[in-house]
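Residue numbers (the numbering used here): 2 to 649.
Worksheet: one structure, shown below.
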Amino acid sequence: LLDLPASAANLRISEINYNPHAPLTQFGEADVDNDEFEFIELLNVGNVTIDLTNVELQQVDVEGSSEGIAFRFATQTLAPGERIVVVENRAAFQSRYGTGIRVAEAADTQLGTGIYSGSLSNSGERLTLVDAQGAIIQQFDYNDTGAWPGRADGGASSLEIVDPSEAYDDPGNWRNSNEFGGSPGTAGTGSTQTVVINELLTHTDLPQIDTIELHNTTGQAIDIARWYLSDGSDDYLRYQIPVANGTLAAGGYRVLTEVDLGFGFRGEASDDAWLISADVLGKPLRFVDHVEFGATQNGTSLGRWPNGTGDLFPMTALTLGSANSGPALADIVLSEVEYNPSTSATLLANEGEFVEVWNRGSATTDISHWRLNVGVDFDFAAGTALAADARIVVVSFDPTTGADKATAFRQHYHIGNDVMLVGPFSGRLDDAGDTVELERPEDVAQLGLGYVLVDRIAYESTAPWPNTAAGLSLQRTVPTAYGDFSTSWQALAASPGGLNSAEPNTGDFNSDGQVDVIDVQLLCAAIRSPNPSSEFDIDSSGETDFDDMRYLIGEVLHTSFGDANLDGVFNSTDLILVFQAGEYEDGIADNSSWSSGDWDCDGEFTTADLVLAFQGGSYTSEATRVVAAQPAVSAIDLALAALYLKKK
């Protein structure tokens, strides 16, 4: 039987190493130019073996310039799911990656086995792959700027495709390899987050000194001996963790100071921190973690929130060597974001976008030279002050020179001239998800030196984030709610410059400034009470009943029944947690809570709770974090599915 010819249906480029890192000769790598380590990996995405004979990577003319590389395959086949690499220099490649990786055989033997003609451009170019008859299998451009993964451009990562069935011209469909130097011949593993850079103290005066904290997020001890820490991609190997301090206990923390490291961080400006694993000889293997951060206030640490999993944010207290304390929220916050506005005859879609900033404090605050950053960019002018409880709305146009646009904006949102508009911001808020950061200068006397993160929202257009159909905006539910949490925002009718469309304390029954599991339990108790207070009637139906619970879970917390840890998603992590509690149909009256499986407010964790949760249709089996020493997720999933079907 003849093998199936390679075609657009079964062959894809899966990895590009276009700007390799310099040779690490101390580990036996060839002392040659870094371009000699280039490679392209191809993958059989079909389910049968394919024939690669006379398949070509071709150079093509693009506006007068030759782009791509030239290589023609000799007679050879590729099994389903198998990968093969085309290299620039076989000897150099094998000195770095070993001899166990399949290298393509070239039909043009004068080039040498596996060697292609030309060189991959470090600034991006067009790649063309054709079949044996010359028909295009793939043709796409990669790049090294904008949204394209940056570490692949000389930073010791390759460019890995995320989904071979999706668009290759989309930078979001590519990622930096986590393997140091790429993963030729094998599938990249992506980020594992087993050990994370969890807290950083980067701006200090004596007696404090710069400090970094590592955290093992798993339930198993991890050997981090010979791993590397660095503050820059120019030298990833700045500090190596000694063998004597190599074991990081399960769930444990390791604190290292600038005295240990031999370097400090640029806490008044911006900096990076890298954690890289290594083999027993010290050769770097993979990027375990990398964080980028801006300036910080002297003595304030940056920590992940939630602890071990979230992004870095200024913390309320130093907790080096233990779990993080939580985010330090300022008086000036992002209170409303409109990224998907409705249109009108006089207002284009992007002209309806806005970001609202609110002073929730009790005193006027000077926000001169503060800025919005990341998704959109805007610098507040000198002399800008925000009175207590005042709001300022940043728009995409200049309201001082674009009076017609300002008038159209006010008419569109039914707001008066008393609402303060400033602009224009540059950029555009992405409907699919984006990040907006509010920052202040670390030192007003040295503008541009560094900016301190004040508030942040990193929204998405999909669950668990609220669904913002055209005309709805994201509005903060509670002034003190952490901006990165989906549960901190509601989708409500846009109200730039005014109070949010819903009361900001809806569901905050204990008035502690946040809506959490305590409030869920208080509402459960009220529902079961013969004479509940009217404050629990949050859906304004005239009575307190289980519909109020549905409103609290769905409309206020923006999650679903079953989300035991209230992280915004009902998944296997929640199932592990509630079964760990050990209260499932245990015969003990009224001993269960929301966190241990009582989702129907009867005080018990029973099959009825599981049916209620699964009927919502929002369950996903993917866990959000590692939970150690628990039953297998697959077993729990099957058990719950059986219970659900039995009940049905």
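Every residue, glycine too, gets a C-beta built ideally from N, C-alpha and C.
Cβ-Cβ separation, residue j to residue i (assumed contact under 8 Å), whole Å
{"i": "Gly-293", "j": "Leu-160", "result": "Correcting the residue identity first, residue 293 is Glu in this sequence and not Gly. Glu-293 to Leu-160, Cβ: 19 Å. No contact."}
{"i": "Arg-429", "j": "Asn-374", "result": "Contact doesn't hold; Cβ gap of about 14 Å is too wide."}
{"i": "Gly-563", "j": "Asp-575", "result": "6 Å"}
{"i": "Leu-422", "j": "Ala-407", "result": "6 Å"}
{"i": "Gly-125", "j": "Asn-144", "result": "4 Å"}
{"i": "Ala-614", "j": "Trp-600", "result": "6 Å"}
{"i": "Thr-54", "j": "Thr-26", "result": "With 8 Å as the limit, Thr-54 and Thr-26 do not qualify as a contact, their Cβ atoms being about 38 Å apart."}
{"i": "Arg-73", "j": "Asp-109", "result": "6 Å"}
{"i": "Leu-230", "j": "Leu-262", "result": "6 Å"}
{"i": "Leu-121", "j": "Glu-39", "result": "5 Å"}
{"i": "Tyr-671", "j": "Phe-571", "result": "The question about residue 671 has no answer, for the chain in this structure spans 2 to 649."}
{"i": "Arg-97", "j": "Glu-42", "result": "That pair is no contact at about 14 Å."}
{"i": "Asp-273", "j": "Asp-236", "result": "No, Asp-273 and Asp-236 are not in contact; Cβ-Cβ is about 12 Å, not under 8 Å."}
Cβ-based neighbour list, residue i, same chain, cut-off 6 Å, excluding 5 preceding and 5 following
{"i": "Pro-285", "result": "Phe-181, Ile-277 and Ala-279"}
{"i": "Ser-234", "result": "Gly-156"}
{"i": "His-22", "result": "Ala-157"}
{"i": "Gly-617", "result": "Ser-561 and Phe-562"}
{"i": "Ser-345", "result": "His-413"}
{"i": "Arg-287", "result": "Asn-179, Glu-180, Phe-181 and Ser-278"}
{"i": "Ser-343", "result": "Ala-471 and Gly-472"}
Neighbour-count burial assignment, residue i, 16 or more Cβ in a 10 Å radius
{"i": "Glu-64", "result": "exposed"}
{"i": "Ser-635", "result": "Because the pLDDT of Ser-635 is 48, which lies under 50, any placement of that residue in the model is unreliable, and the number read from its coordinates should be weighed accordingly. With fewer than 16 other Cβ atoms within 10 Å, it is exposed."}
{"i": "Thr-297", "result": "buried"}
{"i": "Ile-554", "result": "buried"}
{"i": "Glu-536", "result": "exposed"}
{"i": "Val-289", "result": "buried"}
{"i": "Gln-447", "result": "exposed"}
{"i": "Val-281", "result": "exposed"}
{"i": "Leu-611", "result": "buried"}
{"i": "Gly-338", "result": "The sequence given here places Val at residue 338; Gly does not occur at that position. Buried."}
{"i": "Ile-210", "result": "exposed"}
{"i": "Glu-167", "result": "exposed"}
{"i": "Asn-360", "result": "buried"}
{"i": "Gln-60", "result": "buried"}
{"i": "Ala-188", "result": "exposed"}
{"i": "Asn-418", "result": "exposed"}
{"i": "Leu-207", "result": "exposed"}
{"i": "Thr-203", "result": "buried"}
{"i": "Thr-545", "result": "buried"}
{"i": "Ser-487", "result": "buried"}
{"i": "Phe-650", "result": "Absent from the structure is residue 650, since the part of the chain shown begins at 2 and ends at 649."}
{"i": "Val-260", "result": "exposed"}
{"i": "Leu-500", "result": "exposed"}
{"i": "Asp-509", "result": "buried"}
{"i": "His-291", "result": "buried"}
{"i": "Phe-141", "result": "exposed"}
Beta-carbon proximity list for residue i, same chain, < 7 Å, skipping 5 on both sides
{"i": "Arg-305", "result": "Val-197, Asn-199, Gly-311, Asp-312, Leu-313 and Asn-325"}
{"i": "Asn-177", "result": "Pro-150, Arg-152, Ala-153 and Ser-158"}
{"i": "Gly-82", "result": "Asn-45"}
{"i": "Ile-519", "result": "Asn-511"}
{"i": "Asp-1", "result": "No statement about residue 1 is possible, as the shown extent of the chain runs from 2 to 649 and does not include it."}
{"i": "Ser-323", "result": "Tyr-254"}
{"i": "Tyr-117", "result": "Leu-58, Ile-70, Ala-71, Phe-72, Val-87 and Glu-89"}
{"i": "Gln-522", "result": "Ser-594 and Trp-595"}
Residue(s) in a DSSP beta bridge with residue i
{"i": "Ala-386", "result": "Asp-367"}
{"i": "Trp-175", "result": "Ile-162"}
{"i": "Ser-118", "result": "Ala-71"}
{"i": "His-216", "result": "Val-197 and Tyr-254"}
{"i": "Leu-473", "result": "Ala-494"}
{"i": "Gly-428", "result": "Val-377"}
{"i": "Arg-392", "result": "Trp-359"}
{"i": "Arg-441", "result": "Val-453"}
{"i": "Asn-572", "result": "Thr-621"}
{"i": "Leu-79", "result": "Ile-51"}
{"i": "Tyr-460", "result": "Asp-435"}
Beta-carbon proximity list for residue i, same chain, < 8 Å, skipping 5 on both sides
{"i": "Thr-507", "result": "Thr-478, Val-516, Ile-539 and Val-557"}
{"i": "Gly-191", "result": "Arg-176 and Asn-179"}
{"i": "Ala-383", "result": "Ser-369 and His-370"}
{"i": "Asp-4", "result": "Val-49, Thr-50, Ile-51, Asp-52 and Thr-78"}
{"i": "Glu-504", "result": "Because the pLDDT at Glu-504 is just 48, under 50, the model does not fix this residue reliably, and the value given afterwards should be weighed accordingly. Hits under 8 Å: none found."}
{"i": "Ile-316", "result": "Here the sequence assigns Met to residue 316, which means Ile is not the residue at that position. So the qualifying residues of the chain are Glu-200, Thr-301, Ser-302, Leu-303, Gly-304, Trp-306, Asn-325, Ser-326, Gly-327, Pro-328 and Ala-329."}
Scan the stretch 246-272 and note each continuous beta strand (DSSP E) run of 3 residues or more that stays entirely inside, going in chain order. 254-258
**Request:** Give, in chain order, every unbroken run of the alpha helix (DSSP H) that is at least 4 residues long and sits entirely within the stretch 2-53.
**Result:** none
_Quick check for students: name the residue ranges of the beta strand (DSSP E) that lie wholly in the stretch 260-329, counting only runs of 3 or more._
272-279, 285-294, 303-306 and 312-315
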